[in-house]
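Have a look at the structure below before the remarks.
2 protein chains.
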Amino acid sequence: MEDYEAILNAIMAHLNPNDIPKDETIPVGISNRHIHLSQAAVDKLFGSDYQLTKLKDLSQPGQYACKECLTICGPRGVIEKVRILGPVRGETQVEILQSDTFKLGIKGALRLSGDLRNTPGLTLIGPNGSYEIQQGVIIAKRHIHMLPEEAERFGVTDGQIVSIDFEGERGGSLNNVVIRATANSGLECHIDTEEANALGVVPGTSIKIRK
Amino acid sequence: MEDYEAILNAIMAHLNPNDIPKDETIPVGISNRHIHLSQAAVDKLFGSDYQLTKLKDLSQPGQYACKECLTICGPRGVIEKVRILGPVRGETQVEILQSDTFKLGIKGALRLSGDLRNTPGLTLIGPNGSYEIQQGVIIAKRHIHMLPEEAERFGVTDGQIVSIDFEGERGGSLNNVVIRATANSGLECHIDTEEANALGVVPGTSIKIRK
């Protein structure tokens with residue numbers, strides 16, 4: 001009995017309750033191609049002072065899918081019915097899939113959202129006209145949204161690069177997943193539909209961070 | 212000098228020249244959706260005794276891409292300009308991407324080529340009419356073609372499951388890659404365009420087997 005208590009005490013002495021996450025898993029969100037518009041783009045594409053219509057809320061607080069879709073056009077081809085996400089942003093950003101770069105005939109730029117310098121442009125077509133952007137087309141770098149306090153709990157920092165693993169028939173690993181630890185974040189790992197399809201990831205999947 | 216020679220002899224005694232592959236890398240081939248037709252399907256879709264037109268040879272000996280394309284139709288949608296690969300086979304087989312299952316409105320079946328039991332069907336549309344298959348639509352399981360003597364050199368056997376790793380900005384790993392060691396094979400690892408795009412794989416990439 002003494003031995004048992006000694007072992008238990010030795011273990012407890014090395015454990016800090018704050019070091020033990022209640023749940024280490026992170027839900028995965030799968031993004032298809034989509035568009036974030038500036039107000040200037042909304043005005044040109046839909047008419048002056050048009051307000052986008054919320055269809056449903058997304059996992060990131062304040063973000064929502066809109067009823068409205070647009071056609072995107074590159075020098076080689078077009079893609080119809082690309083969903084707009086709200087609310088409006090300072091700069092228009094179009095997130096496409098790697099395969100879309102071939103359909104559209106534009107180069108792919110693998111970037112985090114908002115990092116738009118030296119990215120390609122394209123033309124958006126809406127019910128009220130077209131709107132050409134000189135830059136703003138990206139393929140989203142896979143990333144994990146979390147609050148700063150969640151980053152602390154997971155033992156990671158904003159900007160850190162981690163890997164994630166998937167089980168199953170098409171299982172495998174994705175490296176170079178960027179931690180995005182910011183206030184007002186919903187805990188979620190974002191990959192695109194090509195990444196999800198390649199690894200057999202379905203909605204409802206959760207992952208753990210591998211450092 | 213004696214020490215040096217002794218070490219060298221000790222090393223050489225454990226080396227068998229046949230155990231050292233000249234090159235351990237395997238080229239990667241990236242497959243888009245495509246169709247293999249039976250002669251009955253060719254007759255119906257293009258007219259009796261029509262001969263498919265070779266466009267270019269593929270890496271697997273005797274296999275070639277054809278000039279002809281078809282439209283494939285499911286209950287929810289169609290995909291146009293799907294390339295036919297020759298020569299004709301005993302049974303029609305349509306290899307699609309996971310994302311195509313949503314466009315077409317059919318379930319995906321992850322299979323090796325030729326394993327068509329309990330797979331979905333669809334309708335093919337050609338210049339001479341349509342041809343419905345009750346089964347034969349698969350998403351190809353990633354695999355590595357090689358000769359039996361190459362399998363021996365790599366230390367793997369037909370049917371063995373291995374993993375492959377990719378470097379780069381979108382690097383990662385794919386598990387459950389099937390070794391297909393058969394006579395008359397060209398050494399090549401086959402993944403589809405979604406797998407290639409998710410891992411940032413471009414034509415000319417080579418991989419090594421990880422057991």
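Which chain is which? The protein sequence lines are A and B, in order.
Each residue of the first sequence is one higher than the last, beginning at 1 in this note's numbering.
Each residue of the second sequence is one higher than the last, beginning at 212 in this note's numbering.
C-beta: ideal position from N, C-alpha, C; glycine also.
Quick check: the region 231-250 of chain B against the region 395-408 of chain B, are there 3 or more CB pairs under 8 Å?
yes
Between residue 358 of chain B and residue 396 of chain B, how many whole angstroms is the CB-CB distance? I'm expecting something under 8 Å.
5 Å
In its own chain, which residues sit with a C-beta less than 7 Å from the C-beta of residue 304 of chain B, not counting the 5 before and 5 after it?
247, 324, 327, 347 and 349
Rounded to whole angstroms, how far is the Cβ of residue 263 of chain B from the Cβ of residue 277 of chain B, which I believe are closer than 8 Å?
Indeed, because the Cβ distance is near 4 Å, the residues count as touching under 8 Å.
With 8 Å as the threshold, decide whether the Cβ of residue 288 of chain B is near any Cβ in chain A.
no
Skipping 5 residues on each side, what residues in its chain have a beta carbon closer than 6 Å to that of residue 342 of chain B?
252, 255, 256 and 335
Could you tell me the alpha carbon to alpha carbon distance between residue 21 of chain A and residue 153 of chain A, rounded to whole angstroms?
Interpretation of residue 21 of chain A is limited by its pLDDT of 47, a score under 50 that renders its predicted location unreliable; the figure taken from the coordinates is listed afterwards. Rounded to whole angstroms, residue 21 of chain A to residue 153 of chain A spans 6 Å at the Cα level.
Our contact map puts residue 178 of chain A next to residue 164 of chain A with C-beta atoms below 8 Å; I'd like the distance itself, whole angstroms only.
Wrong, their Cβ atoms sit about 11 Å apart, outside the cutoff.
Cβ neighbour criterion (16 or more within 10 Å) applied to residue 405 of chain B:
buried
If residue 249 of chain B sits next to residue 299 of chain B, beta carbons under 8 Å apart, how far is it from one beta carbon to the other, in whole angstroms?
Rounded to whole angstroms, the Cβ separation of residue 249 of chain B and residue 299 of chain B is 6 Å, and the two are in contact under 8 Å.
Helix, strand or coil, according to DSSP, for residue 55 of chain A in the structure here?
strand
Is any beta-carbon of chain B found at less than 8 Å from that of residue 174 of chain A?
yes
Below 8 Å on the Cβ atoms is my guess for residue 56 of chain A versus residue 50 of chain A; work out the distance and round it to an integer in Å.
Incorrect: roughly 19 Å between the Cβ atoms, too far for contact.
For residue 282 of chain B, the first and last residue of its enclosing beta strand (DSSP E)
275-284
Under 8 Å, Cβ to Cβ, is there at least one residue of chain A near residue 371 of chain B?
Taking Cβ atoms only, chain A never reaches closer than 8 Å to residue 371 of chain B, which makes this a no.
Closest residue to residue 174 of chain A among A/197, A/155 and A/104 (Cα-Cα distance)
Closest in alpha carbon position to residue 174 of chain A, among A/197, A/155 and A/104, is A/197.
Cβ of residue 193 of chain A within 8 Å of any chain B Cβ:
yes
For chain B, check one thing: does any of its Cβ atoms lie closer than 8 Å to the Cβ of residue 274 of chain A?
The structure shown does not extend to residue 274 of chain A, since chain A is modelled only from 1 to 211, so the question has no answer here.
What does DSSP give as the partner residues of residue 376 of chain B in its beta bridges?
For residue 376 of chain B, which the question treats as bridged, DSSP gives the partners B/384.
Return the chain-ordered list of same chain residues with a C-beta closer than 6 Å to the C-beta of residue 265 of chain B, the five sequence neighbours on each side being excluded.
Cβ within range, chain order: 275.
Measure from the C-beta of residue 29 of chain A to each C-beta in chain B and report whether the shortest distance is under 8 Å.
Output row for residue 29 of chain A: interface = no.
For residue 100 of chain A, tell me which candidate among A/211, A/79, A/172 and A/75 has the shortest Cα-Cα distance.
A/79
With a 10 Å radius around its C-beta and 16 neighbouring C-beta atoms as the bar for buried, classify residue 318 of chain B as buried or exposed.
exposed
Below-8 Å beta-carbon distance, residue 423 of chain B vs any chain A residue
Within the shown structure, residues of chain B are numbered from 212 to 422, placing residue 423 of chain B beyond reach of any answer.
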